[in-house]
Each structure stands twice: as structure tokens, then as C-alpha cells.
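Engineer: Dropping a structure here in C-alpha cells format, bear with me for questions.
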Amino acid sequence: MSEVSWAVEAGQRVDVATGTRDEEFTMFMTTAMPALSRTAWHLTGDEHRAADLVQQTLVRTYTAWPRARRAPLPYARKIMANQRVSTWRSRRREVLTDGPPDQVRPDESAALAERDLLMRALARLGAQQRRVVVLRHVEGFSEKEVAAMLNVSVGTVKSAASRGLQHLREALKEEQR
589 MSEVSWAVEA GQRVDVATGT RDEEFTMFMT TAMPALSRTA WHLTGDEHRA
639 ADLVQQTLVR TYTAWPRARR APLPYARKIM ANQRVSTWRS RRREVLTDGP
689 PDQVRPDESA ALAERDLLMR ALARLGAQQR RVVVLRHVEG FSEKEVAAML
739 NVSVGTVKSA ASRGLQHLRE ALKEEQR
């Protein structure tokens with residue numbers, strides 16, 4: 589039996605003895621769920637839509653498991669970004685709520701207020717700028733990784749990030765007034 593190694597978070601690798609497709613995918617899903625949930629919440633700004641997006645992503649990743657198994661997390665994030673665009677196009681409207689319930693503690697009111705401010709400012713960005721800013725600056729991916737996930741050029745990522753950050757700064761200034 590050979591082994592497969594996945595990067596789940598920065599500095600965290602999971603080594604899995606290859607088994608059946610279901611066993612491998614279950615191990616991936618178990619280890620990657622927190623990272624995928626966080627990314628989905630940042631992309632949607634809504635707990636329920638984020639959960640739906642994660643489920644859609646996992647279904648599509650499972651379907652493509654023979655291709656995805658060597659690097660499943662980047663593959664899943666690319667699916668998630670593309671699925672978010674498809675969902676956004678069909679709904680064209682977002683309603684932001686409080687943060688994910690597992691991340692909110694009663695004594696974090698200042699942090700919660702800051703996060704709420706950030707999410708309202710992110711909601712004012714266009715879809716592509718928001719995806720680029722979230723993936724690049726919130727999730728910490730390189731420009732090249734974001735370009736690959738979104739299937740755009742590195743130059744597009746750079747310009748969308750630059751414009752998105754500028755709009756974000758302006759929106760944050762307005763929100764703080």
C-alpha cells in the first residue's frame with residue numbers, strides 16, 4: 589500500500605495510506621472541512637450559504653476524486669471559487685450575517701464588530717475583486733495560486749487585488765464614520 593500526503597493548512601500535512609476511494613475521501617473531508625468552511629464563509633458572508641457551498645464542493649470533489657486525490661485541497665478550493673461565481677450569478681444578492689457560530693465568544697464584542705465591519709466592506713466589492721481579496725489576503729494564497737484557482741492570469745489577480753484593496757479601504761473609511 590502506498591501513501592498519499594495532503595497539505596491541509598499551512599504547515600499541516602496529512603499522510604494517508606491509500607485505500608478505497610471512500611476511505612481516502614473520508615480522510616480528506618475530515619481534515620479539510622475546517623479550512624473549506626472558513627474559505628466558504630469568507631466568500632459568501634453567510635453561514636448557511638457557506639455550508640451549502642462546502643457541500644456542493646465536496647460532492648464535486650468526490651465525483652472527480654481520481655483527478656483530485658493528488659492535491660485535493662487546491663482542487664476543492666478551485667471548485668469552490670467557481671461554484672461561488674455560479675451561485676452568485678444565479679442569485680445576484682447577498683445578505684451578510686454574524687460570523688460562524690463556532691468562532692464567536694461572548695467576550696469578543698470588539699473583534700466581532702471589526703469582523704462585521706470587514707464583511708460589510710467586502711460585500712461592497714464586485715464578485716471577482718471579493719474572491720481575489722479573500723483568497724489572496726484573508727486565506728493567504730500567492731498570486732499564482734489564486735490565478736490557478738480562478739482560472740485567470742496573474743496580472744488579472746494583481747489588478748483585481750489592487751483595485752479591490754483600494755475599494756475596501758474606501759468602504760472601511762465610510763463604514764467607520
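Take any residue in the sequence shown, count from 1 to its spot, add 588: that is its number in the numbering used here.
All C-beta atoms in this analysis are idealised placements derived from N, C-alpha and C, irrespective of residue type, glycine included.
Since the structure is predicted, the reported quantities are computational estimates derived from the model, not experimental observations.
1) Excluding five sequence neighbours on each side, which residues of the same chain lie with their C-beta closer than 6 Å to the C-beta of R681?
2) Would you call the region 640-649 and the region 622-631 in contact, with 3 or more CB pairs under 8 Å?
3) In whole angstroms, give me the CA-to-CA distance for E611 and T649.
4) Does the count of Cβ pairs from the region 741-759 and the region 707-724 closer than 8 Å reach three?
5) To the nearest angstrom, report how far apart M615 and N670 are at their CA atoms.
6) Can you give me the C-alpha to C-alpha distance between S730 and V742, rounded to a whole angstrom?
7) Ignore the nearest five residues each way along the sequence and tell me which others in L760's own chain have a CB closer than 7 Å to its CB.
8) Specify the secondary structure class of R657 as computed by DSSP and reduced to three states.
Structural biologist: Inspection of the coordinates gives the following:
1) Counting from 1 along the sequence shown, the entry for residue 681 is found at position 93. The pLDDT assigned to R681 is 49, lower than 50, so where the model puts this residue is not dependable; a value taken from the coordinates is nonetheless given after this. Closer than 6 Å at Cβ, skipping near neighbours: no residue.
2) Flag = yes, the region 640-649 and the region 622-631 touch.
3) Taking the sequence shown and counting its residues from 1, the one referred to as residue 611 is at position 23. Taking the sequence shown and counting its residues from 1, the one referred to as residue 649 is at position 61. Rounded to the nearest angstrom, the two C-alpha atoms are 14 Å apart.
4) Pairwise C-beta distances place the region 741-759 in contact with the region 707-724, as three or more of them are shorter than 8 Å.
5) Counted from its first residue, the sequence shown places residue 615 at position 27. Counted from its first residue, the sequence shown places residue 670 at position 82. Taking the straight line joining both Cα atoms gives about 24 Å.
6) What you label residue 730 is simply residue 142 of the sequence shown in a count that begins at 1. What you label residue 742 is simply residue 154 of the sequence shown in a count that begins at 1. Near 10 Å, if we compare the C-alpha coordinates of V742 and S730.
7) Taking the first residue of the sequence shown as 1, we reach residue 760 at position 172. Close CB contacts of L760 within its chain, under the 7 Å cut and outside five residues either way in sequence, are with L705, A709 (chain order).
8) Here residue 657 refers to the residue found at position 69 when the sequence shown is read from its first residue. Three-state result, R657: coil.
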